[in-house]
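**Q** Oh and the sequence shown: position 117 is 106 in this note's numbering, straight run, nothing missing. I'd like to ask you about the structure that follows.
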Amino acid sequence: MNEDQGPIFRQVAAQIENAIVDGSLAEESQAPSSNELSAFHRINPATAAKGLNQLVADGVLYKRRGVGMFVATGAREQLLKRRRSEFADQYVRPLMTEAHKLGISTRELSTMIDRWEDER
């Protein structure tokens, strides 16, 4: 965990979210326990539990009493929808604002993106 990337419990939650989004943690599969996360990252179990509980509050994980926490059905789509919206707010809107200031049309911008993609 990296202190420069915000509170550790949020980093724990983000790590679980990333695993769900990339498919390495499937829907209805068991999420790592707070003890597993705390041992792996060498953090306090309460910190790991706080990250997991945030995901429960967000509807990404759910608890099975005495068994553990599991990825909710629809969690991946929920996360993708939220991240796409955040992506638009963080990157697309500023890009479009700057393009407008420079007199670049949507079509020209699309052509620039296509060219950049072809050069990769």
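Backbone N, C-alpha and C define an ideal beta-carbon position, used for all residues, glycine too.
1. By a C-beta neighbour count over all protein chains shown, 10 Å radius and 16 as the cutoff for buried, is A2 buried or exposed?
2. With a threshold of 7 Å on Cβ separation, who are the neighbours of F59 within its own chain once the five nearest residues in sequence on each side are excluded?
3. Quick test of your reading: A46 and I9, contact by CB under 8 Å. State the CB separation rounded to the nearest angstrom.
4. Less than 8 Å between the C-beta atoms of Q67 and F(-2), yes or no?
5. Quick one: residues in its chain with C-beta nearer than 8 Å to the C-beta of D5, no 5 flanking neighbours on either side, listed in chain order?
6. Use the C-beta contact count for S23: other C-beta atoms within 10 angstroms, 16 or more gives buried, fewer gives exposed.
7. Which residue from E25, K70, E75 and Y80 puts its Cα closest to that of G57?
8. Look up R54 in the DSSP assignment and say whether it is helix, strand or coil.
9. Where do the N-terminal and C-terminal ends of the alpha helix (DSSP H) with I32 fall, by residue?
**A** Answer, in terms of the structure:
1. buried
2. E17, S18, Q19, A20, L50, Y51 and R53
3. Not confirmed; about 15 Å, so no contact.
4. no
5. Checking the sequence shown, residue 5 turns out to be Ile, not Asp. Same-chain partners within the cutoff: L14, A20, P21, G40, L41, L44, V49 and L50.
6. buried
7. E25
8. coil
9. Where I32 is concerned, there is no enclosing alpha helix (DSSP H), given that its DSSP letter is neither H nor E.
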